[in-house]
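Heads up, the thing below is written out as structure tokens.
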Amino acid sequence: MSTSYFYLQANQVDNNNFIIKAAEQFANDTLTQIYIIDAPLGDSRYTYEHKDHLIILVPNHKIILLDLGNEKENFEEFTLDLIEDLGSISDKFKYKGTIGRPREWRKNLISTEKVNRIDFNFHALLEKNKIHDPVQSRRCELIISLFTGSINDVKNIDINIPETLLDKIKKKIILFDGEQTRFIYQAPSNKRTTIQGLSGTGKTELLLHKLKEIYVTQPNTKVALTCHNKILSRTLRGRIPNFFTFMKVEEQIEWEKRLWCFNAWGSESDRNSGLYSKVCNFYDINFYSFKAVANFEEACKLALEELTEEKLVQYGHAFDYILIDESQDFTESFFKLCEVISSNNIYIAGDIFQSIFDNSNENQTNPDYLLSKCYRTDPSTLMFAHGFGMGLFEKRKLKWLEEREWKACGYNVVKTEENKSIKLTREPLRRFEDLDNENYSSIEIVKSNFRNVDAIAKSIVDLIKKIIKENPTAKAEDIGVIFIDSSKYTYNVSDILKYDISEEFEWDTNIAYESRVKKPNTLFISNRNHVKGLEFPFVICITNNFLTTRSYRNSAYTLLTRSFLKSYFLINEEIKSESISAIEKGLHTIKKDKEIITVEPTEVEKVKIRTTISYDDSENISFYDFVNKIFEELRVLPLYRHKLYNMISESFPENFNEEKINKFIELTIEMWDND
């Protein structure tokens, strides 16, 4: 059984099986991260003649080297070689200035143990090697990161214990969990490998690690990294050189020769502008623009029809490996196309939460790697965001998951017979253990006076003052101010905030719906349309409404989970809604007991939830007004609107599904811009 708490990369044989089984059981029973390896991961140069050994890595414990053989001298030579190699890796990633030289940490942080089957006790082994000095514990975790390839930026992390809670979270030493480590280093069993997880589980970072492993270890291969969104593809292309530099990759990046990073479609005039355009050029097949086929799925199907066996034999494979990010934006035809044109493996990463709801009637999501732990957001914030977004605190649920789906999203599920209530909990995370130790609340509902735009701006400024008072090291770029509502008042408040923030804090502001990027050393201000992929220590989410539409609740879920320390949910104190008291009660339960208590819908209610559309009929507006309202929110140029409306009317006839229409508009405009 593979879990995120246990990772094994060592040859499991008779003389070590009892240790491995005991360690795996201990990891799962106590939720302790344990790695068992026989050499440092990620570099084939580190091999040893001595085979009868295991290396056990556990945070807050010494590095344990187990001798399982009868050749003491050979084991001692292995120990010396291993420490020498670790010193070399430490030099490579500039850790030496932080953790010191091997002779400094070998005595206190390396433990050699001789074990036998008769009296072996894994718990006793860990107790014997537990580290009680917090500074030494941080030093040891950095050494573990060298063993596992989970490299931290030592410019931002030292071994001293940070004083403020903000710095404790910022400077937490990050270690890959078992499932993340398996994805990077384990050889795939099938041509297609899928990895899914909630937003914030590190999917994109893992794709970059996999990309680096392929590029470095397999010279002359052709690798493509792609996604649907043009802006995201540009961001990824910009991240790759920085990531390769950080990981000390010595090979030169050969763009458009060995490595491609582009969006999925592209344009006919530039063969390297997209994966599809590259394929059409490579195999000399017809290119279909968005204007010609209306959707990407159709373009991929037509390409597959033209890629006959003769074509494939004649031209060979366009790529050796393809890595796909945000897979929920694609259909099966694109994945099949990628399989056909690649000689080796394709890796597909996507959001499990979105995938479940895209296929809520018959979910067929069975990923090879399931990342159930969200490392961006404290579990309490994530639970509240899910509870609010899905209506779990209220009588009328907006969304519902079955038990297998809850578990896929990282929840433990306990059902009670008497009233069909369900208790949902999440396992604690090492990154946020300091919040638990200090009984810190990572999510807070704040009610304020919204009588006019000046009052709203003042409420936001007051919260920023509170953040700075409680976190003296907080900077402008640590805070995100995001409006859930799409009403015009939000733009007026933003204009006032620009002035007030400058006057009060002497900070610059970044109005993201104008700049469309995150800027350093500025306070981030945005509506709900420009936050994908971003994170901040602190987020202030503002709403003057309390809607029960799916679109509104989905936006709230997305925005509240942008924080990794605290989210403030700033609402109008005069909102009249029966839901508010239920939601406040739900938040109280999360804070007190770290759990969501909700009532399972009846089968009839579940069917209704699955077929419910995003639009709230009580608004009683025409479909035309509904679509034009979305145009206003997205600030769609007038020259696009007539044609867009005709396309929407044809694709979504009288379907008030704001989520799908919103996404359709953004993708369509992007494709037009591409052409």
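Just so we're aligned, residue 799 is where the sequence shown starts under my numbering, counting upward by one. Note that CB positions come from ideal geometry on N, CA and C, so glycine has one too.
* First and last residue of the beta strand (DSSP E) that includes ASP1068? -> The residue given as residue 1068 occupies position 270 in the sequence shown. No beta strand (DSSP E) holds ASP1068; DSSP gives it neither H nor E.
- Task: On a CA-only basis, which of ASN1142, LYS892, LEU924 and LYS1099 is nearest ALA820? Give me that one, please.
- Result: Here residue 820 is taken as the residue at index 22 of the sequence shown, counted from 1. For ALA820, the nearest C-alpha among the options comes from LEU924.
Residue nearest to ILE1338 in terms of C-alpha spacing, selected from ILE1282, PRO1270 and LYS1221 = Looking up residue 1338 in the sequence shown gives position 540. Checking every option, the nearest Cα to that of ILE1338 belongs to ILE1282.
For ASN781: DSSP bridge partner residues: For residue 781 there is no data in the structure shown, the boundaries of the chain being 799 and 1473.
Query - Minimum C-alpha distance to ASN872 - residue among GLU847, GLY885, LYS892 and SER1065 - result: In the sequence shown, residue 872 corresponds to position 74, counting from 1. Selected option, being the one with the closest Cα: GLU847.
- prompt: Going by Cα to Cα distance, which pick from GLY947, LYS1001 and THR992 is closest to TYR983?
  reply: Numbered from its first residue, the sequence shown carries residue 983 at position 185. That would be GLY947, whose Cα lies nearest to the Cα of TYR983.
Item to complete: Would you kindly check if the distance between the Cβ of GLU1242 and the Cβ of TYR1366 is under 8 Å?
Response: The count along the sequence shown starts at 1 and reaches residue 1366 at position 568. The count along the sequence shown starts at 1 and reaches residue 1242 at position 444. Cβ distance < 8 Å, so TYR1366 and GLU1242 count as in contact.
Does the Cβ of THR1387 have 16 or more other Cβ atoms within 10 Å, making it buried, or fewer, making it exposed? Reading the sequence shown from its first residue, position 589 is the one you call residue 1387. THR1387 should be labelled buried.
Check whether the segment 1125 to 1136 and the segment 1085 to 1100 touch, using three or more Cβ-Cβ pairs below 8 Å as the test.
yes
- Task: Excluding the 5 residues preceding and the 5 following CYS1172 in the sequence, name in chain order all residues of the same chain whose CB lies nearer than 6 Å to its CB.
- Result: Position 374 of the sequence shown, counting from 1, holds the residue named residue 1172. So the qualifying residues of the chain are LEU996, GLY998, THR999 and LEU1180.
Is any heavy atom in the ligand NAD found nearer than 7 Å to the beta carbon of PHE1088? The model depicted lacks the ligand NAD and carries no ligand whatsoever.
Checklist line | Residue environment, PRO838, which counts as buried when at least 16 other CB atoms sit within 10 Å | finding: Residue mapping note: residue 838 aligns to position 40 of the sequence shown, counting from 1. It is buried - the Cβ of PRO838 has at least 16 other Cβ atoms within 10 Å.
key: Alpha-carbon spacing of THR1015 relative to LEU1057, whole angstroms   = Along the sequence shown, one-based indexing puts residue 1015 at 217. Along the sequence shown, one-based indexing puts residue 1057 at 259. For THR1015 and LEU1057, the distance between alpha carbons rounds to 14 Å.
**Study point:** Alpha-carbon spacing of TYR1086 relative to ASN1070, whole angstroms
**Key:** In the sequence shown, the residue the question calls residue 1086 occupies position 288. In the sequence shown, the residue the question calls residue 1070 occupies position 272. Cα to Cα, TYR1086 sits roughly 15 Å from ASN1070.
DSSP three-state label for HIS795, please.
Residue 795 cannot be examined here, being either before or after the span of the chain that is shown, 799 to 1473.
C-alpha gap between ALA825 and SER1361, whole angstroms: Locating residue 825 in the sequence shown gives position 27, counting from the first residue. Locating residue 1361 in the sequence shown gives position 563, counting from the first residue. Rounded to whole angstroms, ALA825 to SER1361 spans 29 Å at the Cα level.
Q. Just how far apart, CA to CA, sit ILE1258 and LYS1264?
A. Counted from its first residue, the sequence shown places residue 1258 at position 460. Counted from its first residue, the sequence shown places residue 1264 at position 466. ILE1258 and LYS1264 have their C-alpha atoms roughly 10 Å apart.
- Find the nearest neighbour of LYS1193 within the set GLU1304, GLY1384, SER1313 and ILE854, judged by alpha-carbon distance. For the purposes of this step, residue 1193 is taken as residue 395 along the sequence shown, with counting starting at 1. That would be GLY1384, whose Cα lies nearest to the Cα of LYS1193.
Within the same chain, show all residues whose beta-carbon is closer than 8 Å to that of LEU1100, passing over the 5 residues directly before and after it, in chain order. Taking the first residue of the sequence shown as position 1, residue 1100 is located at position 302. Correct list, in chain order: ASN1084, TYR1086 and VAL1091.
| message | Considering Cα atoms alone, identify which of LYS926, PHE945, ASP889 and ASN858 is closest to TYR805. | response | Sequence index remark: in the sequence shown, residue 805 carries index 7 (1-based). Out of LYS926, PHE945, ASP889 and ASN858, PHE945 has the C-alpha closest to the C-alpha of TYR805.
Mapping the DSSP letters down to three states, classify TYR844 as helix, strand or coil. The residue given as residue 844 occupies position 46 in the sequence shown. Of the three classes helix, strand and coil, the one that applies to TYR844 here is coil, per DSSP.
What did DSSP end up calling ALA837 once you bin it into helix, strand or coil?
For the purposes of this step, residue 837 is taken as the residue at position 39 of the sequence shown. DSSP places ALA837 in coil when its eight states are reduced to three.
(request) Could you name the residues of the same chain whose beta carbon sits closer than 6 Å to that of GLY1189, not counting the 5 residues immediately before and after it, in chain order? (result) Residue 1189 sits at position 391 when you count from the first residue of the sequence shown. Hits under 6 Å: LYS1195 and LEU1196.
Open item on the list: Mapping the DSSP letters down to three states, classify CYS1025 as helix, strand or coil.
Closed with: The count along the sequence shown starts at 1 and reaches residue 1025 at position 227. If DSSP states are grouped into helix, strand and coil, CYS1025 belongs with the strands.
Exercise. Could you tell me which uninterrupted beta strand (DSSP E) segments, each at least 3 residues in length, are contained entirely in the segment 1331 to 1362, listed from first to last along the chain?
Key: 1334 to 1341
- prompt: Can you list, in chain order, the residues of its chain whose CB lies under 6 Å from that of PHE1182, leaving out five sequence neighbours each side?
  reply: To locate residue 1182, count along the sequence shown from 1; it is residue 384. Counting only Cβ-Cβ distances below 6 Å, and skipping sequence neighbours, we find ILE1241, LEU1385 and ILE1388.
Simplified DSSP assignment, three categories, for ARG1229
For this step, residue 1229 is matched to residue 431 along the sequence shown. Correct three-state label for ARG1229: helix.
How would you call VAL1425, buried or exposed, if buried means at least 16 neighbouring beta carbons within 10 angstroms? Taking the sequence shown and counting its residues from 1, one reaches residue 1425 at position 627. Burial call: buried.
- Task: Report the rounded CA-to-CA distance for ASN954 versus LYS969, giving the unit in angstroms.
- Result: Numbered from 1 along the sequence shown, position 156 holds the residue referred to as residue 954. Numbered from 1 along the sequence shown, position 171 holds the residue referred to as residue 969. Approximately 7 Å between the Cα atoms of the pair.
In the DSSP assignment, the beta strand (DSSP E) including TYR805 goes from what residue to what residue? Counted from its first residue, the sequence shown places residue 805 at position 7. It spans 804 to 807 - the beta strand (DSSP E) in which TYR805 sits, taken as one unbroken run.
Discussion item. Going by the DSSP bridge assignment, what does CYS1059 pair with across the sheet?
Written reply: What you label residue 1059 is simply residue 261 of the sequence shown in a count that begins at 1. Beta bridge pairing from DSSP links CYS1059 with LEU1023.
query: Which of the three DSSP states, helix, strand or coil, is assigned to ASP850?
result: As a first step, residue 850 must be located in the sequence shown, where it is residue number 52. The answer is coil: DSSP assigns ASP850 none of H, G, I, E or B.
TODO: Pick out the complete alpha helix (DSSP H) segments inside the segment 1079 to 1134, 4 residues or longer, and give them in chain order.
DONE: DSSP runs (the alpha helix (DSSP H)) wholly in the segment 1079 to 1134: 1088 to 1091, 1094 to 1104 and 1107 to 1113.
**OP:** Can you tell me which of the three DSSP states LEU963 falls into?
**Re:** Locating residue 963 in the sequence shown gives position 165, counting from the first residue. Helix.
Checklist entry - When burial is assigned at 16 or more other CB atoms within 10 Å of the CB, is PRO1318 buried or exposed? => result By 1-based counting over the sequence shown, the position of residue 1318 is 520. Exposed, because fewer than 16 other Cβ atoms sit within 10 Å of the Cβ of PRO1318.
Going along the chain, which residues of its own chain have a beta-carbon closer than 8 Å to the beta-carbon of LYS1010, five neighbours each way excluded?
Position 212 of the sequence shown holds residue 1010. Answer for LYS1010: PHE1041, PHE1042, MET1045 and VAL1047, listed in chain order.
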